[in-house]
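With full-length UniProt numbering, letter number 217 in the sequence shown gets 217, and the count goes up by one each step, no holes.
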Amino acid sequence: MAQYILRRLLTVIPVLLGLTVIVFAIMAMIPGDPATAILGSYATPENVERINKALGLDKPLVQQYFIWLGNILHGDFGRSYTQNRPVIDIITERFGNTLILAGTSLVLCSILGLLPGIVSAVRQYGATDKLVTFFVLIGISVPSFWLGLLLILLFAVKLQCLPASGMYAIYGGGGPLDLFKHLILPAFTLSVVATGVVARLTRTSMLEVLRQDYIRTARAKGLKERRVIMRHAFKAALVSVIPVLGIQAGFVLGGAVYIETVFQWPGIGSMLVTAISTRDLLTVQGGVLIVAAAYVLFNLVADVVQSMLDPRLR
1 MAQYILRRLL TVIPVLLGLT VIVFAIMAMI PGDPATAILG SYATPENVER INKALGLDKP
61 LVQQYFIWLG NILHGDFGRS YTQNRPVIDI ITERFGNTLI LAGTSLVLCS ILGLLPGIVS
121 AVRQYGATDK LVTFFVLIGI SVPSFWLGLL LILLFAVKLQ CLPASGMYAI YGGGGPLDLF
181 KHLILPAFTL SVVATGVVAR LTRTSMLEVL RQDYIRTARA KGLKERRVIM RHAFKAALVS
241 VIPVLGIQAG FVLGGAVYIE TVFQWPGIGS MLVTAISTRD LLTVQGGVLI VAAAYVLFNL
301 VADVVQSMLD PRLR
């Protein structure tokens with residue numbers, strides 16, 4: 001197992017290097033000039049030239065990339081153009097909030113996806129199976145940002161039982177209960193699409209396992225149906241579901257960008273939207289790189305867990 005984990009870690013290195021190239025290249029292709037965005041009405045040609053020289057933006061792109069990469073390898077993500085603060089400090093402040101939202105959404109999509117998927121497979125072609133399939137298709141088809149707006153309209157505007165935005169109440173908030181109330185709508189909205197994907201794959205994997213000979217043998221031995229389903233079939237089906245959970249972990253982390261914007265959640269997603277609008281290149285590059293690295297890490301953990309469940313993969 002240690003050798004397997006080491007091999008997987010070694011494969012992550014070129015992936016992360018490739019991510020740095022992609023992130024830097026995309027930001028370099030975005031139209032606009034950071035110096036002009038920083039100076040605003042004071043953006044005279046002389047001031048723009050002075051700012052570009054101070055920020056190192058007058059150098060060739062290849063040289064800029066290697067300077068940026070070298071700084072990152074030393075833990076320096078640069079300073080925000082607009083906030084004049086270290087980018088790593090800004091990301092650290094916001095990334096924890098995003099992890100709270102994405103982690104809650106991942107737990108929701110795991111629970112709400114695995115259980116219906118198991119029930120749907122056990123009762124194949126029955127009323128429960130058709131009902132689960134119907135709701136799963138709706139969940140996958142509905143855009144998350146549109147669903148979020150509908151939930152705000154229903155629960156925050158009409159029923160007035162849940163807050164519409166933010167992480168804590170402006171006045172008198174700050175406790176765990178306040179956080180939980182603000183977390184319900186964005187976490188559920190973010191988890192809907194992932195729930196549908198997990199439920200469909202769980203159903204497919206369970207149906208494949210339930211047709212195996214050892215499942216028929218377990219039933220022929222007189223084992224209780226619940227034990228056959230949970231101890232034998234589900235454990236085997238979970239091997240195929242774990243990688244998808246890793247992918248969905250990255251999906252909810254990336255999807256937090258627009259969900260945080262809809263619900264005004266103070267996470268790294270809303271930070272990126274603001275940084276893009278102000279052409280704060282170093283903040284955008286650092287934020288996107290951290291999110292991408294977290295996505296790779298989630299998939300690595302999923303692969304390790306899958307190999308632990310199924311030693312044949314090693």
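Note that beta-carbon positions come from the ideal geometry of N, C-alpha and C, so glycine has one too.
This one's a predicted model, so the numbers in the text were calculated from it and none came from an experiment.
Residue of the options minimising C-alpha distance to residue i
| i | options | result |
| --- | --- | --- |
| residue 85 | 263, 299, 282 | 282 |
| residue 115 | 221, 198, 273, 212 | 198 |
| residue 141 | 170, 196, 106 | 196 |
| residue 120 | 297, 259, 204, 216 | 204 |
| residue 27 | 68, 260, 53 | 68 |
| residue 148 | 13, 109, 192, 64 | 192 |
| residue 289 | 260, 253, 262 | 253 |
| residue 181 | 202, 156, 201 | 156 |
| residue 72 | 216, 287, 3 | 287 |
| residue 263 | 187, 17, 12 | 187 |
| residue 239 | 201, 4, 135, 271 | 201 |
| residue 236 | 213, 222, 255 | 213 |
| residue 13 | 30, 130, 293 | 293 |
| residue 108 | 306, 297, 183 | 183 |
| residue 315 | 23, 210, 45 | One cannot answer for residue 315 here, as it falls past the ends of the chain, which runs 1 to 314. |
| residue 276 | 3, 29, 64, 5 | 29 |
| residue 256 | 64, 17, 53, 185 | 185 |
| residue 296 | 20, 50, 223 | 20 |
| residue 98 | 246, 309, 291 | 291 |
| residue 309 | 234, 285, 249 | 234 |
| residue 225 | 118, 96, 5 | 118 |
| residue 110 | 258, 267, 241, 259 | 241 |
Cβ neighbours of residue i in the same chain (closer than 6 Å, five flanking residues each side left out)
| i | result |
| --- | --- |
| residue 82 | 278, 280 |
| residue 152 | 164 |
| residue 112 | 195 |
| residue 207 | 121 |
| residue 105 | 187, 190, 191, 252 |
| residue 58 | 52 |
| residue 60 | none |
| residue 31 | none |
Buried versus exposed, by CB contacts within 10 Å (16 or more), residue i
| i | result |
| --- | --- |
| residue 160 | exposed |
| residue 265 | buried |
| residue 94 | buried |
| residue 102 | buried |
| residue 74 | exposed |
| residue 138 | exposed |
| residue 167 | buried |
| residue 92 | exposed |
| residue 248 | buried |
| residue 18 | exposed |
| residue 62 | exposed |
| residue 285 | buried |
| residue 246 | buried |
| residue 90 | buried |
| residue 24 | buried |
| residue 170 | exposed |
| residue 66 | exposed |
| residue 77 | buried |
| residue 259 | buried |
| residue 250 | buried |
| residue 96 | exposed |
| residue 175 | exposed |
Residues near residue i in its chain [Cβ-Cβ closer than 8 Å; skip 5 each side]
| i | result |
| --- | --- |
| residue 48 | 33, 35, 36, 39 |
| residue 243 | 299, 302, 303, 306 |
| residue 79 | 85, 86, 87, 282 |
| residue 9 | 300 |
| residue 217 | none |
| residue 124 | 207 |
| residue 5 | 304 |
Same chain, Cβ closer than 7 Å to residue i, five either side skipped, listed in chain order
| i | result |
| --- | --- |
| residue 261 | 269, 270, 273 |
| residue 215 | 209, 228, 232, 233 |
| residue 162 | 155, 156, 181, 184, 185 |
8 Å Cβ cutoff, residue i in contact with chain B
| i | result |
| --- | --- |
| residue 145 | As a matter of chain content, chain B is missing from the structure shown, which is built from one protein chain. |
Give, in chain order, every unbroken run of the alpha helix (DSSP H) that is at least 4 residues long and sits entirely within the stretch 75 to 146. 87 to 122, 127 to 141
Every unbroken alpha helix (DSSP H) inside the stretch 10 to 75 [4 residues or more]: 34 to 39, 45 to 55, 61 to 73
If we require 4 or more residues per run, which alpha helix (DSSP H) segments fall completely within the stretch 199 to 253? Secondary structure in the stretch 199 to 253: the alpha helix (DSSP H) runs of 4 residues or longer, each lying completely within the stretch, are 213 to 220 in chain order.
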